[in-house]
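Heads up: the sequence shown begins at 1 in full-length UniProt numbering, then just goes up one per residue. Where a beta carbon is used, it is the ideal one built from N, C-alpha and C, also for glycine. Taking it in order: structure first as C-alpha cells, then the write-up.
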Amino acid sequence: MFTGLVEEVGTVRGREDVDGAARLHLAATTVTEDLAVGDSVAVAGVCLTVTDHDPGGFTADVMPESLARTTLGALAAGAPVNLERAVRADSRLGGHIVQGHVDGVGTVVARTPGPRWDEVEIALPAHLARYVAEKGSVAVEGVSLTVTHVSSTSFGIALIPTTLAATTLGGLAVGAAVNLEVDVVAKYVERLTGADR
Numbered sequence: 001m002f003t004g005l006v007e008e009v010g011t012v013r014g015r016e017d018v019d020g021a022a023r024l025h026l027a028a029t030t031v032t033e034d035l036a037v038g039d040s041v042a043v044a045g046v047c048l049t050v051t052d053h054d055p056g057g058f059t060a061d062v063m064p065e066s067l068a069r070t071t072l073g074a075l076a077a078g079a080p081v082n083l084e085r086a087v088r089a090d091s092r093l094g095g096h097i098v099q100g101h102v103d104g105v106g107t108v109v110a111r112t113p114g115p116r117w118d119e120v121e122i123a124l125p126a127h128l129a130r131y132v133a134e135k136g137s138v139a140v141e142g143v144s145l146t147v148t149h150v151s152s153t154s155f156g157i158a159l160i161p162t163t164l165a166a167t168t169l170g171g172l173a174v175g176a177a178v179n180l181e182v183d184v185v186a187k188y189v190e191r192l193t194g195a196d197r
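Written out as C-alpha cells, the structure reads:
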C-alpha cells in the first residue's frame with residue numbers, strides 16, 4: 001500500500017524486453033536507502049517488486065498486463081518517473097490509500113498556469129468516471145490529488161508548487177498519457193451494494 005506522496009523522481013536507466021515482459025533499471029537515491037529485494041515500490045503509480053538494487057538504483061520486472069494497461073509500456077531510457085516506497089505501519093498516511101493497481105490511462109487535455117499553481121484537466125476512460133468525485137481523491141502517476149471538478153469524460157486537479165517541483169506532474173504537457181488509480185473505497189462500495197450490476 002502507498003500514500004501517493006512521491007518520495008523522489010527517478011530516471012529509467014535502461015529497459016530490457018523479455019518474452020513480452022520488461023525489466024526496468026531505475027536510477028534513484030532516496031528510495032534505495034533501506035530497500036530490499038522483494039520490497040514494493042510505486043513507479044509512476046504502478047506497484048512493482050524490487051528484484052535487485054544498489055545505492056544508485058534498483059531493478060524491477062514488469063509483466064505484460066502492466067505494460068499493456070499502464071504508461072510503463074512506453075517508458076524508455078532517460079524517462080523520469082515518480083517513486084514511492086510502500087507505506088510503513090508506524091507512519092502517517094498523509095495522502096490517501098493507493099494500491100499501485102492502475103485502473104486506466106488518462107490524457108491531459110488542458111493545462112492552465114495560475115499565480116502559484118497549475119490547473120489541469122484530464123480525460124479519463126468512461127467506465128472510471130463514476131469512481132471520481134469532486135473533493136475526492138485520485139492518484140495520477142502515483143501522486144495523491146484532490147479532484148476539483150468532474151464530468152462524465154474528465155476531471156480537474158490543481159497542482160500546488162510542491163507537487164509541480166517534486167513530481168513529474170510539473171512537466172506534463174497537453175496530450176500526455178497518465179496512469180490513473182481511482183479511490184479503492186468507491187470500488188468496494190459499488191461491489192458490496194451491487195451497484196455495478
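Which residues in the same chain as residue i place their Cβ atom closer than 7 Å to its Cβ, once the five residues preceding and following it in sequence are excluded?
i: Val182; result: Asp103, Leu128, Tyr131, Val132 and Val138
i: Leu93; result: Thr3 and Val87
i: Ala186; result: Tyr131
i: Ile160; result: Trp117
i: Gly20; result: Pro64
i: Gly136; result: Val147 and Asp183
Taking residue i as part of the beta strand (DSSP E), name the residues at either end of that continuous run.
i: Leu83; result: Pro80 to Arg85
i: Arg88; result: Segment: none, Arg88 is in no beta strand (DSSP E) and carries neither H nor E.
i: Thr193; result: No beta strand (DSSP E) holds Thr193; the alpha helix (DSSP H) holding it covers Val184 to Thr193.
i: Pro55; result: Element bounds for Pro55: n/a, residue is neither H nor E.
i: Leu26; result: Ala21 to Ala27
i: Thr107; result: Gly104 to Pro113
Give the secondary structure of residue i by DSSP, where H, G and I count as helix, E and B as strand, and everything else as coil.
i: Gly170; result: helix
i: Arg66; result: Here the sequence assigns Ser to residue 66, which means Arg is not the residue at that position. Of the three classes helix, strand and coil, the one that applies to Ser66 here is helix, per DSSP.
i: Pro161; result: helix
i: Glu7; result: coil
i: Gly73; result: helix
i: Leu124; result: coil
i: Ala177; result: strand
i: Ala42; result: strand
i: Ala139; result: strand
i: Arg116; result: coil
i: Arg130; result: helix
i: Gly156; result: strand
i: Gly14; result: strand
i: Val147; result: strand
i: Thr32; result: coil
i: Val37; result: coil
i: Leu48; result: strand
For chain C, find out if any of its Cβ atoms is closer than 8 Å to the Cβ of residue i; answer yes or no.
i: Arg92; result: Judged by its chain identifiers, the structure shown contains no chain C, having just a single protein chain.
Please state if the CB of residue j and the CB of residue i are separated by a distance shorter than 8 Å.
i: Leu169; j: Glu141; result: yes
i: Asn179; j: Val46; result: yes
i: Ala22; j: Arg15; result: yes
i: Ala110; j: Val174; result: yes
i: Val6; j: Val143; result: yes
i: Asn82; j: Thr11; result: no
i: Arg85; j: Val31; result: yes
i: Leu24; j: Ala76; result: no
i: Ala27; j: Gly57; result: yes
i: Leu172; j: Val108; result: yes
i: Thr49; j: Ser40; result: yes
Leaving out five residues before and five after residue i in sequence, what residues of the same chain have Cβ atoms less than 8 Å from its Cβ?
i: Val105; result: Arg69, Thr70, Thr71, Pro125, Ala177, Val178, Asn179 and Leu180
i: Ala74; result: Ala177
i: Gln99; result: Met1, Phe2, Cys47, Glu181 and Val184
i: Thr163; result: Val143, Leu145, Leu169 and Gly170
Are the segment 30-41 and the segment 51-59 in contact at 8 Å, needing three or more beta carbon pairs? As far as the Cβ criterion goes, the segment 30-41 touches the segment 51-59, which means the pair count is three or higher.
Are the segment 105-121 and the segment 144-157 touching by the rule of at least three beta carbon pairs closer than 8 Å? Contact between the segment 105-121 and the segment 144-157 is established, with three or more Cβ pairs separated by less than 8 Å.
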